[in-house]
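K.L.:
This is the structure I have questions about; it appears just below.
Residue numbers (the working numbering): 104 to 479.
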């Protein structure tokens, strides 16, 4: 029977104290390994803006790469619903039914353990390893109330707070692993980045004008179809943020940010920027996975079951006022009459253009066209 540690946290960002605690727990308890998880959607922080889960997971991986016995797991970041400890432990118990689980937490968390989601389930699935920092906590009370097996980890006190690190670059550099600090610096996390200023640095004047035109048209279409004009403007403005990043560099960034390129996108330079752009806005502007990232990600190739905002950005990108090609006026007219019809016209125009140039049409174009035609 193995002894496995489970250590979750927001990790926004993960710092050296997190790593030291995980290693201390591993050594102190004789654990075979410690699984570390960035919380995907922590319910206790639902009213606080946190960095997108995929970005926090990337920092976690970088922080513990090469650290013996520490493993980064993406289970919680892939959950759409709130990530509860009880649910996570049930998941790992199914994977490791014959092993002993140790859930690692801080003493301050133990003090309100009775307010957690299904504390009785947590207590039944694991030994609770509490890092008490030498302070008095509700060890005996919680143990009696829930029949919990609790062990104490009274190690070194770390006066490090992720909250403080996010607002102090000097502390951030001092208390995060070099790989994490480098990542934060390169992708401008935890800084107030003006969107138009960043775009002006990354895009040519012509491309920036196109982005503004897309935002303007997206706004008009959003009003026409009754969705948030503010969200549409933002998605339109940011949709091409990665458009002019050189192909080879963009591929490396996609790999680092876990942008999920399909095999065709990987070998087709014009198709890399949508998925990379969706990840970049998470870093630069603190946008979490949702409407805007979806619209950015699907504005060129599209995707099945596109949302109304997805369709609006897809169409606005094709027929904003700066565009001039045969058939563009038909697309503009259709955009205000029937957005699905406009998407179909955009796809047909793209297919014709690509074939005329001897290019390869992404199969998704035909799939989306068939899906939308079925509605008529």
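By construction, the Cβ of each residue, glycine as well, lies at the ideal position given by its N, Cα and C atoms.
To the nearest angstrom, report how far apart residue 433 and residue 291 are at their CA atoms.
P.N.:
The alpha-carbon atoms of residue 433 and residue 291 are separated by roughly 41 Å.
K.L.:
Can you tell me whether DSSP reads residue 206 as helix, strand or coil?
P.N.:
Reduced to three states, the DSSP call for residue 206 is strand.
K.L.:
So residue 439 is in the beta strand (DSSP E); what residue range does that whole segment cover?
P.N.:
Premise fails: residue 439 lies in the alpha helix (DSSP H), 431-440, not in any beta strand (DSSP E).
K.L.:
For the putative contact between residue 282 and residue 156, defined by C-beta atoms under 8 Å, what is the C-beta separation to the nearest angstrom?
P.N.:
In fact, because the Cβ distance is near 19 Å, the residues do not count as touching under 8 Å.
K.L.:
Can you grab the Cα-Cα spacing for the pair residue 133 / residue 204, in whole Å?
P.N.:
Whole-angstrom Cα-Cα distance: 12 Å.
K.L.:
What does the alpha-carbon distance come out to for the pair residue 437 and residue 325?
P.N.:
Residue 437 and residue 325: Cα-Cα distance of roughly 14 Å.
K.L.:
Return the CA-CA distance between residue 108 and residue 336, expressed in angstroms with no decimal places.
P.N.:
One C-alpha to the other measures close to 45 Å.
K.L.:
Which runs of the alpha helix (DSSP H), 4 residues or longer, sit entirely within the stretch 159-239?
P.N.:
188-198, 210-213 and 222-228, all fully within the stretch 159-239.
K.L.:
Tell me the residue span of the beta strand (DSSP E) that contains residue 141.
P.N.:
Where residue 141 is concerned, the enclosing beta strand (DSSP E) stretches over 136-141.
K.L.:
Taking contact to mean 3 or more Cβ pairs, one atom from each stretch, closer than 8 Å, check whether the stretch 114-132 and the stretch 352-361 are in contact.
P.N.:
Cβ pair count under 8 Å is below three, so no.
K.L.:
Would you identify the three-state DSSP class for residue 112, choosing helix, strand or coil?
P.N.:
Here residue 112 sits in strand by DSSP.
K.L.:
Considering only residues of the same chain and omitting the five flanking positions on each side of residue 273, which have a CB-CB separation below 8 Å?
P.N.:
None.
K.L.:
Whose CA, out of 265, 414 and 191, lies closest to the CA of residue 399?
P.N.:
For residue 399, the nearest C-alpha among the options comes from 414.
K.L.:
Is it right to say residue 322 is buried, meaning 16 or more other beta carbons lie within 10 angstroms of its own, or is it exposed?
P.N.:
Counting Cβ neighbours within 10 Å, residue 322 comes out buried, since at least 16 surround it.
K.L.:
Assign residue 276 to one of three DSSP states: helix, strand, or coil.
P.N.:
Residue 276 falls in the helix class under three-state DSSP.
K.L.:
Please work out which residues of its chain come closer than 6 Å, Cβ to Cβ, to residue 220, disregarding the five sequence neighbours upstream and downstream, and give them in chain order.
P.N.:
187 and 189, listed in sequence order.
K.L.:
Is it the case that the Cβ atoms of residue 379 and residue 345 are separated by a distance below 8 Å?
P.N.:
In contact: residue 379 and residue 345 (Cβ atoms closer than 8 Å).
K.L.:
Extract the residue ranges of the alpha helix (DSSP H) inside the stretch 384-424, only unbroken runs of 4 or more that lie entirely within it.
P.N.:
Within the stretch 384-424, the complete alpha helix (DSSP H) runs of at least 4 residues are 394-400 and 411-422.
K.L.:
Taking C-alpha atoms, which residue in 365, 303 and 390 lies nearest to residue 498?
P.N.:
As displayed, the chain neither begins before 104 nor continues past 479, which places residue 498 out of reach and without an answer.
K.L.:
I want to know whether the stretch 469-478 touches the stretch 355-362 - three or more CB-CB distances under 8 Å.
P.N.:
At 8 Å Cβ cutoff, the stretches do not touch.
K.L.:
Using DSSP with H/G/I as helix, E/B as strand and the rest coil, what is residue 153?
P.N.:
DSSP places residue 153 in coil when its eight states are reduced to three.
K.L.:
In terms of alpha-carbon separation, which member of 126, 142 and 185 lies closest to residue 169?
P.N.:
Answer by Cα proximity: 126.
K.L.:
How many Å lie between residue 231 and residue 442 at the Cα?
P.N.:
So the two alpha carbons sit approximately 54 Å from each other.
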